[in-house]
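The letter at position 230 of the sequence shown is residue 230 when you use full-length UniProt numbering, and the numbering goes up by one with no holes. The beta-carbon is built from N, C-alpha and C at its ideal position, and this holds for glycine as well. The structure presented is a predicted model; accordingly, all values stated were derived computationally and were not measured.
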Amino acid sequence: MATLQILRTPSLCFIFVAFLYNVVVSGQFTRFSKLELPQGVIGPESAAFRGLILSEGPFTTVDDGRILKWQGPTVGFVDFAYTSPARTKQFCDGTTDPNKGPICGRPVALSFQPTTGLLYIVDAFLGLLAVGPNGGLATQLAGSFKFLSGVDVDLLTGNVYFIDASLTYDIRNTTQPGFKPDSTGRFLRYNTLTRQVSVLLTGLSGGGGPAVSNDGTFVLVPEIFGNRISKYWLLGPKANTVEPLVGNVSNPNKIKRAGRNGEFWVAVSNGLMPRTPLITPQGVRLNSNGVVLQTVSFATQFFNKSISLVQEQNGNLYVGSRFTNFIGVYSS
């Protein structure tokens, strides 16, 4: 287990320069549409697709504790799964009350295991869970966490990597006046064979969503309040060590593998540091060395709302936010 204390290193200075001078603002995504949530429902903070070519979805998490599945423009979103055995539709559907989260559930991130069809879920209150291809009530795999925030599956081993954002505060505290983040977050691994959880990193300042590389050699680990992204090595001579990747990105949230081999999309609030007073939601595409290849602004459609997800699927970008009632779709 390692404690993350890597802000000032020569490699980070190099990556800072690369990040600053390789920004390309793209005009590729010229069309915008919305996948509207059911009436009265908000908070599509995360999304996932089942299948690589003939994919289903997106599947998305929402504020009231459900996981919804997109069934096309005629049907829209329908119920697929939920995380809390205590949840009732009468008490929970449409709620935005964060204090109902321990009863209704609050799933915040999703990742499919393509071989088994299992959908892995992290719930801000209920821990790490999984549900089968037919949906329904998810099974808890690991609990006793304060605030899980992101998850990704290693496509080669099937192991599950996730982030516990803090040992002291939960999701309800993050929107309260006077909230002050800490550095008690952890990066964790769930071994699907032994069913054991291991702590890989401590000292994270906030959490987002990790992303495992296509070849399973490393994981990118974001820190929302630390304003940095680190690379944790899984294989090779650097296995079980961590190094800085990007150190001047504002509030990086969930990271997703891009459609191109070895690249990633990061959902950010203000792009490059230093931060501005206004939130300017952007998607940043970077390679495995931390070089920014593309930035896309979503401010025209999301205004000053922070985003949590940028997911590329079949050449389109799907953008999610806990503060909207839709998933934004950007296409060429």
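- Around glutamine 28, the same chain offers Ser332 as residues with beta carbons nearer than 7 Å, after the five sequence neighbours per side are excluded.
- Three or more beta-carbon pairs drawn from the stretch 205 to 221 and the stretch 250 to 268 are found closer than 8 Å, and the two stretches are therefore classed as touching.
- Per DSSP, phenylalanine 218 is not a residue of any alpha helix (DSSP H); the beta strand (DSSP E) it occupies stretches across 218 to 223.
- In the three-state scheme derived from DSSP, where H, G and I count as helix and E and B as strand, alanine 299 is classed as helix.
- For lysine 69, the enclosing beta strand (DSSP E) has its first and last residue at 66 to 70.
- Counting every other CB atom within 10 Å of its CB across the protein chains shown gives asparagine 270 a total of 16 or more, marking it as buried.
- Boundaries of the beta strand (DSSP E) around isoleucine 229: 228 to 233.
- Put simply, the backbone Cα of proline 85 is about 43 Å away from that of threonine 30.
- Here the alpha carbon of serine 33 sits roughly 11 Å from the alpha carbon of valine 319.
- Taking the C-beta atoms as reference points, alanine 109 is found nearer than 8 Å to valine 151.
- When C-beta atoms of the stretch 319 to 329 are compared with those of the stretch 300 to 308, three or more pairs fall below 8 Å, so the two segments count as touching.
- In this structure, tyrosine 169 sits near phenylalanine 147, with a CB-CB distance shorter than 8 Å.
- Within the same chain, Cβ atoms closer than 7 Å to the Cβ of glycine 136 are found at Ala81, the five residues on either side in sequence being excluded.
- In this structure the stretch 171 to 182 does not touch the stretch 194 to 201; the number of beta carbon pairs closer than 8 Å is below three.
- Nearest to valine 153 by C-alpha distance, out of Leu167, Phe112 and Ala130, is Phe112.
- Bounds of any alpha helix (DSSP H) do not take in glutamine 311; it lies within the beta strand (DSSP E) bounded by 309 to 313.
- In the same chain as aspartate 93, and ignoring 5 residues on each side of it, the C-beta atoms closer than 6 Å to its own belong to Asp64, in chain order.
- A Cβ-Cβ separation of about 7 Å places tyrosine 232 in contact with phenylalanine 187 under the 8 Å criterion.
- With distances taken between CA atoms, glutamine 90 lies nearest to Cys104 out of Phe77, Cys104, Thr83 and Pro98.
- The residue among Gly40, Thr61, Gly43 and Val41 with its C-alpha nearest the C-alpha of phenylalanine 49 is Thr61.
- In the DSSP assignment, glycine 150 falls within the beta strand (DSSP E) that extends over 148 to 153.
- The alpha-carbon separation between glutamate 223 and leucine 204 amounts to approximately 6 Å.
- Under the three-state reduction of DSSP, lysine 34 is assigned to strand.
- Inclusion of leucine 35 and valine 329 in the CB contact set at 8 Å is warranted, their separation being smaller than that value.
- For the 8 Å CB-CB criterion, isoleucine 171 and proline 98 form a contact.
- Inter-residue distance for threonine 95 and alanine 142 is about 26 Å (C-alpha atoms, whole angstroms).
- Counting the other Cβ atoms within 10 Å of the Cβ of valine 75 gives fewer than 16, which makes it exposed.
- For leucine 235 against valine 219, the beta-carbon gap comes to about 11 Å, at or over 8 Å, which does not count as contact.
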